[in-house]
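In our numbering, the protein residues as written are 165 to 605. Yeah, the Cβ is synthetic: ideal placement off N, Cα and C, and Gly gets one too. What follows is a set of notes on a single structure, which appears directly below.
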Amino acid sequence: MRRLAPVLALGALLLTAVPAHAVEDPAHRESYGTKAPYSPRQSPRGYQRPPAGFVPVFTENVSRHGSRAASDSEDGDLVLALWEQAEAEGQLTGKGKEFGPVVRALQAAMAETGYGNLSGRGRQEMADTAVRLQRRLPGLFRKIADDGEKIDVVSSGQGRAVASGTAFTDALATAEPALKPLIGPVRTDKDLLYFHKAAGGAAYRDYVENDQRLKDTLHGITDQPRTRKAAHGILRKVFKEPFVARIGDQVGAARAVYNLYAIAPAMSEESPDGKGWGMERFVSRSDAAWFGYLSDAEDFYEKGPGFAGSDITYKMADVLLDDFFRQAEAKRAGTSDLGAELRFSHAEEIIPLAALMGLPGSTEQAAPGEAYTYADNSWRGADVSPLGANIQWDVFAKGDRYLVRMLYNEKETPFRAGCRPVAEGSAFYDLDELERCFGRD
Numbered sequence: 165m166r167r168l169a170p171v172l173a174l175g176a177l178l179l180t181a182v183p184a185h186a187v188e189d190p191a192h193r194e195s196y197g198t199k200a201p202y203s204p205r206q207s208p209r210g211y212q213r214p215p216a217g218f219v220p221v222f223t224e225n226v227s228r229h230g231s232r233a234a235s236d237s238e239d240g241d242l243v244l245a246l247w248e249q250a251e252a253e254g255q256l257t258g259k260g261k262e263f264g265p266v267v268r269a270l271q272a273a274m275a276e277t278g279y280g281n282l283s284g285r286g287r288q289e290m291a292d293t294a295v296r297l298q299r300r301l302p303g304l305f306r307k308i309a310d311d312g313e314k315i316d317v318v319s320s321g322q323g324r325a326v327a328s329g330t331a332f333t334d335a336l337a338t339a340e341p342a343l344k345p346l347i348g349p350v351r352t353d354k355d356l357l358y359f360h361k362a363a364g365g366a367a368y369r370d371y372v373e374n375d376q377r378l379k380d381t382l383h384g385i386t387d388q389p390r391t392r393k394a395a396h397g398i399l400r401k402v403f404k405e406p407f408v409a410r411i412g413d414q415v416g417a418a419r420a421v422y423n424l425y426a427i428a429p430a431m432s433e434e435s436p437d438g439k440g441w442g443m444e445r446f447v448s449r450s451d452a453a454w455f456g457y458l459s460d461a462e463d464f465y466e467k468g469p470g471f472a473g474s475d476i477t478y479k480m481a482d483v484l485l486d487d488f489f490r491q492a493e494a495k496r497a498g499t500s501d502l503g504a505e506l507r508f509s510h511a512e513e514i515i516p517l518a519a520l521m522g523l524p525g526s527t528e529q530a531a532p533g534e535a536y537t538y539a540d541n542s543w544r545g546a547d548v549s550p551l552g553a554n555i556q557w558d559v560f561a562k563g564d565r566y567l568v569r570m571l572y573n574e575k576e577t578p579f580r581a582g583c584r585p586v587a588e589g590s591a592f593y594d595l596d597e598l599e600r601c602f603g604r605d
């Protein structure tokens with residue numbers, strides 16, 4: 165008993181609130197929230213052809229970094245401390261006996277990768293996305309090589325974003341070797357690709373740190389019976405009931421287990437024989453779904469559409485949207501020597517940009533006095549900004565007319581309501597029309 169008290173006291177410091185009215189048992193991937201690994205959302209065979217006579221002349225993107233290790237060891241350290249106490253007291257379930265060694269191995273793999281760093285899966289996600297880009301636009305990349313145009317590569321400067329840019333461009337150069345001398349080194353622009361921490365994000369940071377409505381809303385979502393039930397369910401998979409009853413902050417301890425469950429797929433290549441960690445054994449799908457909802461609610465209010473009538477969470481993304489337009493307009497004006505602009509960033513940039521642009525899933529804010537729920541809002545972290553998420557504009561030209569096609573996670577995606585494509589159902593838009601639609605004309 166003497167060993168139990170300090171760890172349970174540590175657990176009590178983890179007080180993290182949690183909510184209760186999501187649709188039960190959503191799709192498995194959805195329960196990972198923004199930690200969901202990347203997969204393209206459209207078959208390569210399904211893309212529309214550009215209108216007759218139009219050829220690709222430029223492409224630009226912004227990509228979230230690929231899959232990575234957890235930011236730090238805090239969750240694993242807490243869980244292992246509790247596990248070791250329970251083991252010493254004979255308070256582990258049958259599954260719980262398997263749990264500790266798996267967490268130790270996962271922690272060791274993340275430590276070796278480097279906390280917060282790109283994982284093997286993340287490097288592969290970036291490489292695969294680059295190869296698909298080259299295969300979608302082979303004529304463009306041949307033109308870039310023939311004309312000696314440059315490929316600019318820019319990142320937030322954070323290690324995982326820099327590594328993502330490098331993995332992406334290395335694969336692009338392998339797919340089209342003539343591009344190699346044209347690809348610039350990864351340069352840093354924090355104002356553009358880390359704006360939530362730059363000068364332009366000052367009002368946003370004040371909102372996250374001090375807004376009372378935000379705090380009250382997230383507390384209300386978290387502090388529900390369903391949260392305590394899910395937390396108890398997660399802990400009972402590992403620990404016997406008498407031990408669970410003595411944990412000071414069951415929600416905090418369960419959230420730590422959930423966080424390990426959510427990050428494990430991103431570390432699949434580092435698992436034994438690359439077969440995965442099997443963390444699903446220790447968290448039921450319904451309990452994972454609930455904690456995934458809690459994670460989504462926090463991201464929705466802190467980074468996404470947020471409260472109706474407020475743009476504090478996404479207004480700062482205008483610097484990035486402006487750069488998309490600026491690059492396309494420079495190509496049209498003949499003042500750019502670039503064939504491609506490749507940007508590598510973070511969820512804190514992708515999520516606000518998606519809201520600013522009104523991309524699918526990011527069009528609806530939370531009404532006053534009504535909390536965000538899965539039942540009445542389509543926003544899902546796993547769809548809006550999975551690891552490796554990307555937004556891409558391809559520019560096509562015919563004479564002096566320029567068209568733009570947008571891909572969101574590699575799916576042809578309409579621009580927001582009010583923007584008129586060149587024909588009904590078309591994925592292509594006049595650049596002039598987009599300027600009008602977004603108020604740039």
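CB contact flag (residue i, residue j, <7 Å)
i, j, result
"residue 295", "residue 317", "no"
"residue 378", "residue 465", "yes"
"residue 502", "residue 572", "no"
"residue 514", "residue 371", "no"
"residue 267", "residue 244", "yes"
"residue 472", "residue 531", "yes"
"residue 227", "residue 357", "no"
"residue 321", "residue 231", "no"
"residue 205", "residue 574", "yes"
"residue 324", "residue 270", "no"
"residue 560", "residue 214", "yes"
"residue 201", "residue 429", "yes"
"residue 399", "residue 418", "yes"
"residue 519", "residue 469", "yes"
Exposure label - residue i; buried when at least 16 CB within 10 Å
i, result
"residue 319", "buried"
"residue 199", "buried"
"residue 259", "exposed"
"residue 542", "exposed"
"residue 293", "buried"
"residue 498", "exposed"
"residue 276", "exposed"
"residue 235", "exposed"
"residue 547", "buried"
"residue 261", "exposed"
"residue 463", "buried"
Nonlocal neighbours in the same chain, by C-beta distance under 7 Å from residue i, ignoring five residues either side
i, result
"residue 365", "359 and 480"
"residue 312", "346"
"residue 154", "Because the chain is modelled from 165 through 605, residue 154 falls outside the range shown and cannot be assessed."
"residue 505", "224, 316 and 491"
"residue 459", "197 and 545"
"residue 403", "250, 255, 256, 257 and 260"
Residue i - DSSP class collapsed to helix/strand/coil
i, result
"residue 620", "Since the first and last residues shown for the chain are 165 and 605, residue 620 lies out of range."
"residue 340", "coil"
"residue 514", "helix"
"residue 293", "helix"
"residue 350", "coil"
"residue 613", "Nothing can be reported for residue 613, as the shown portion of the chain is limited to 165 through 605."
"residue 187", "The pLDDT assigned to residue 187 is 29, lower than 50, so where the model puts this residue is not dependable; a value taken from the coordinates is nonetheless given after this. Correct three-state label for residue 187: coil."
"residue 534", "coil"
"residue 585", "coil"
"residue 201", "coil"
"residue 212", "coil"
"residue 356", "helix"
"residue 501", "coil"
"residue 255", "coil"
"residue 379", "helix"
"residue 528", "coil"
"residue 545", "helix"
"residue 301", "coil"
"residue 220", "strand"
"residue 225", "strand"
"residue 314", "strand"
"residue 523", "coil"
"residue 561", "strand"
"residue 319", "strand"
Supposed contact pair residue j and residue i - C-beta distance, whole angstroms, cut 8 Å
i, j, result
"residue 528", "residue 212", "The pair is not a contact, with the Cβ atoms about 27 Å apart (cut-off 8 Å)."
"residue 237", "residue 196", "Not really, about 20 Å apart at Cβ, beyond 8 Å."
"residue 535", "residue 381", "6 Å"
"residue 424", "residue 240", "6 Å"
"residue 552", "residue 289", "4 Å"
"residue 451", "residue 394", "4 Å"
Spatial neighbours of residue i in its chain, beta-carbon cut-off 6 Å, leaving aside the 5 residues before and after
i, result
"residue 190", "Low confidence applies to residue 190: its pLDDT is 38, below 50, so where it sits in the model is not reliable enough to give any reading."
"residue 373", "none"
"residue 420", "239, 242 and 243"
"residue 309", "342 and 343"
"residue 517", "481 and 484"
"residue 222", "495 and 559"
Cut-off 8 Å between Cβ atoms - residues of its own chain near residue i, not counting five sequence neighbours on either side
i, result
"residue 299", "208 and 339"
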